[in-house]
Amino acid sequence: MTTATAPDKAALKSWLPGFFALGAIWGSSFLFIKVGIREMHPVYVTLGRVGAGAITLLVVLAVLRDRLPRDPKLWLHTALYSAIGVALPFTLFGYGEQHVSSMLAGIWNATTPLVVLPLAVLVFRTERMTVRRAVGLGLGFVGVLVVLGVWQGLGGAQFTGQLFCFAAAACYGVAIPYQKRFVADRAESGLALSAAQLLMATAQLAIAAPLIAGAPPAPTSLSGEVIASVLALGALGTGLAFVINLRNIRVAGASTASTVTYVIPIFAVLIGVLALGEHLAWYQPVGAAIVLAGVAVSQGLFARRRRPAVPTGMAPELTPSARV
Numbered sequence: 623m624t625t626a627t628a629p630d631k632a633a634l635k636s637w638l639p640g641f642f643a644l645g646a647i648w649g650s651s652f653l654f655i656k657v658g659i660r661e662m663h664p665v666y667v668t669l670g671r672v673g674a675g676a677i678t679l680l681v682v683l684a685v686l687r688d689r690l691p692r693d694p695k696l697w698l699h700t701a702l703y704s705a706i707g708v709a710l711p712f713t714l715f716g717y718g719e720q721h722v723s724s725m726l727a728g729i730w731n732a733t734t735p736l737v738v739l740p741l742a743v744l745v746f747r748t749e750r751m752t753v754r755r756a757v758g759l760g761l762g763f764v765g766v767l768v769v770l771g772v773w774q775g776l777g778g779a780q781f782t783g784q785l786f787c788f789a790a791a792a793c794y795g796v797a798i799p800y801q802k803r804f805v806a807d808r809a810e811s812g813l814a815l816s817a818a819q820l821l822m823a824t825a826q827l828a829i830a831a832p833l834i835a836g837a838p839p840a841p842t843s844l845s846g847e848v849i850a851s852v853l854a855l856g857a858l859g860t861g862l863a864f865v866i867n868l869r870n871i872r873v874a875g876a877s878t879a880s881t882v883t884y885v886i887p888i889f890a891v892l893i894g895v896l897a898l899g900e901h902l903a904w905y906q907p908v909g910a911a912i913v914l915a916g917v918a919v920s921q922g923l924f925a926r927r928r929r930p931a932v933p934t935g936m937a938p939e940l941t942p943s944a945r946v
């Protein structure tokens with residue numbers, strides 16, 4: 623594929639609407655989590671969303687006449703990835719939002735690439751550390767400290783909630799390079815692999831949820847708002863979002879599609895303010911901007927115009943399980 627025919631040169635109108643739709647869908651996921659945990663245990667919110675997401679992708683598979691993977695070894699890798707990259711982080715964000723705003727959870731989600739990089743370099747050996755990436759990593763770490771407001775002292779329920787959210791991002795940091803090492807190069811379609819991940823996560827949570835949270839709530843005991851939020855999390859944020867992201871990658875290119883990372887926190891903050899009346903301390907958006915700047919530096923975003931082709935190293939893994 624030549625530079626002239628690369629997907630990154632596609633007309634803006636062919637991919638920009640889907641790009642912002644994806645940012646809005648993933649950014650609104652934190653709102654839906656916040657509403658869901660009002661009446662449901664976080665683990666049941668996660669079970670509901672992955673179940674709805676799995677059904678959505680199975681329908682898409684049927685329409686496209688695609689099929690699930692058949693290799694038992696791949697299903698073993700999927701089982702591990704689903705636990706670390708889907709079931710656990712989705713649930714941790716739910717626990718986190720019991721103590722912090724949906725906006726702050728959206729900001730913490732943006733730290734994922736900063737966790738991915740050192741693990742990809744040191745553990746999975748799928749990436750190479752460079753001076754640029756080290757600078758970006760250091761800048762991102764400074765941003766994390768600013769978001770935490772470390773000069774005020776650490777502790778309390780909000781700090782606990784932020785730790786849950788950061789732990790969720792850390793789960794993605796393990797799962798994304800693992801997926802790249804053992805799953806991403808498979809011949810099966812990305813749609814089939816994602817459907818398999820959500821099916822496996824649904825099975826895992828169906829076993830774990832009653833052990834962790836007891837019997838599930840009766841659907842008749844839940845408000846329509848909560849039920850709608852959990853279904854939207856699954857069908858939109860965990861199902862349809864993948865289809866949109868896959869199209870963005872094919873039309874605009876992986877490099878361009880990956881920059882949705884910078885849009886998600888913006889939508890999360892706007893939706894949190896407008897829908898829930900949430901408020902941020904001044905240093906939290908400032909820290910978020912520093913974090914995103916660190917991500918941009920580490921991914922070489924500022925250098926792309928000076929180079930003919932710069933792989934991001936992160937883009938192929940931007941599946942719905944990598945973004946809440």
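In our numbering, the protein residues as written are 623 to 946. Don't be surprised by glycine CBs; every beta carbon is placed ideally from N, CA and C. Note that this is a predicted model, so its numbers are computed, not measured.
>> What does the Cβ neighbour count give for residue 862, buried or exposed, with the cut at 16 atoms within 10 Å?
In response: Per the 10 Å Cβ criterion, buried.
>> Measuring straight from C-alpha to C-alpha, what distance separates residue 804 and residue 712?
In response: Looking at the backbone, the Cα of residue 804 and that of residue 712 are separated by about 22 Å.
> Does DSSP put residue 723 in a helix, a strand or coil?
Replying inline: Secondary structure at residue 723: coil, using DSSP grouped into helix, strand and coil.
>> Taking its Cβ as the centre, do 16 or more other Cβ atoms sit within 10 Å of residue 635, making it buried, or is it exposed?
In response: Looking at its Cβ environment, which holds fewer than 16 other Cβ atoms inside 10 Å, residue 635 is exposed.
>> Using a Cβ-Cβ cutoff of less than 8 Å, which residues in the same chain neighbour residue 830 once the five nearest sequence positions on both sides are dropped?
In response: 665 and 709, listed in sequence order.
> Using 8 Å as the threshold, is the region 682-696 in touch with the region 807-823, meaning 3 or more CB pairs across them?
Replying inline: With a cut-off of 8 Å, the region 807-823 and the region 682-696 count as touching, because enough Cβ pairs lie within range.
>> Can you tell me whether residue 733 is helix, strand or coil according to DSSP?
In response: It is coil, neither helix nor strand.
> According to the Cβ coordinates, are residue 816 and residue 653 closer than 9 Å?
Replying inline: In this structure, residue 653 does not lie closer than 9 Å to residue 816 by Cβ.
> Helix, strand or coil: which one does DSSP assign to residue 942?
Replying inline: The predicted position of residue 942 is uncertain, since its pLDDT is 43 and thus under 50; no value can be drawn from it.
> How would you write the range of the alpha helix (DSSP H) that residue 778 sits in, first residue to last?
Replying inline: Its alpha helix (DSSP H) spans residues 778-804.
> CB-CB under 8 Å to residue 759, same chain, minus the five flanking residues each way: which ones, in chain order?
Replying inline: Hits under 8 Å: 736, 739, 740, 916 and 920.
> Going straight from the alpha carbon of residue 757 to that of residue 908, what length do you get?
Replying inline: Computed Cα separation, rounded: 18 Å.
>> Tell me which residues share the same chain as residue 661 and place their Cβ nearer than 6 Å to its Cβ, disregarding the 5 neighbours each side in the sequence.
In response: Result list for residue 661: 844 and 848, in chain order.
>> Just to confirm my understanding: we take residue 730, look at its own chain, exclude 5 residues before and 5 after, and list those with CB closer than 7 Å. What are they?
In response: Excluding sequence neighbours, residue 730 sits near 784, 787, 788 and 791.
>> Would residue 762 and residue 782 qualify as a contact pair, given that the criterion is a beta-carbon distance under 9 Å?
In response: Contact: no.
> Apart from the five residues just before and just after residue 644, which ones in its own chain have a Cβ nearer than 7 Å to its Cβ?
Replying inline: For residue 644, where only same-chain residues beyond five positions count, the Cβ hits under 7 Å are 863, 866, 867, 870 and 882.
> Which residues in the same chain as residue 793 place their Cβ atom closer than 8 Å to its Cβ, once the five residues preceding and following it in sequence are excluded?
Replying inline: Non-local beta-carbon contacts of residue 793 in its own chain, meaning distances under 8 Å to residues more than five positions away in sequence, involve 706, 707, 710, 711 and 714 in chain order.
> Residues in its own chain within less than 6 Å of residue 821 by CB, not counting five upstream and five downstream?
Replying inline: Once the five neighbours on either side are set aside, the close Cβ partners of residue 821 are 676.
>> Quick check on residue 924: buried or exposed, where buried means 16 or more other Cβ atoms within 10 Å of its Cβ?
In response: Burial call: exposed.
> Is the region 715-722 touching the region 890-897, taking contact as three or more C-beta pairs under 8 Å?
Replying inline: No, the region 715-722 does not touch the region 890-897.
> Does the distance from the C-beta atom of residue 886 to that of residue 716 stay below 9 Å?
Replying inline: Contact flag unset, no.
>> I'd like the span of the alpha helix (DSSP H) that includes residue 883, first residue to last.
In response: Looking at the DSSP string, residue 883 is not in any alpha helix (DSSP H), and its letter there is neither H nor E.
>> I'd like to check one pair, residue 884 with residue 857: are the Cβ atoms closer than 9 Å?
In response: In terms of Cβ geometry, residue 857 and residue 884 do not form a close pair [threshold 9 Å].
> Which residue comes first and which comes last in the alpha helix (DSSP H) that contains residue 824?
Replying inline: Taken as a continuous stretch (DSSP letters only), the alpha helix (DSSP H) holding residue 824 covers 812-835.
> alpha helix (DSSP H) containing residue 754: first to last residue?
Replying inline: Where residue 754 is concerned, the enclosing alpha helix (DSSP H) stretches over 753-770.
> Excluding five sequence neighbours on each side, which residues of the same chain lie with their C-beta closer than 6 Å to the C-beta of residue 913?
Replying inline: Contacts found: 732, 733, 762 and 765.
> Secondary structure at residue 628, three-state DSSP: helix, strand or coil?
Replying inline: At residue 628, the pLDDT of 45 sits below 50, so the modelled position is not reliable; the number obtained from the coordinates is stated separately. In the structure shown, residue 628 sits in coil (DSSP, three-state: anything other than H, G, I, E or B).
> Would you say residue 946 and residue 704 are within 9 Å of each other, going by their C-beta atoms?
Replying inline: At a Cβ-Cβ threshold of 9 Å, residue 946 and residue 704 do not count as neighbours.
> Taking the alpha-carbon positions, what's the residue 888 to residue 684 distance?
Replying inline: Taking the straight line joining both Cα atoms gives about 34 Å.
>> Let me confirm a value: residue 755 is counted as buried when at least 16 other C-beta atoms fall within 10 Å, else exposed. Which label applies?
In response: The residue in question, residue 755, is buried, as its Cβ has 16 or more Cβ neighbours within 10 Å.
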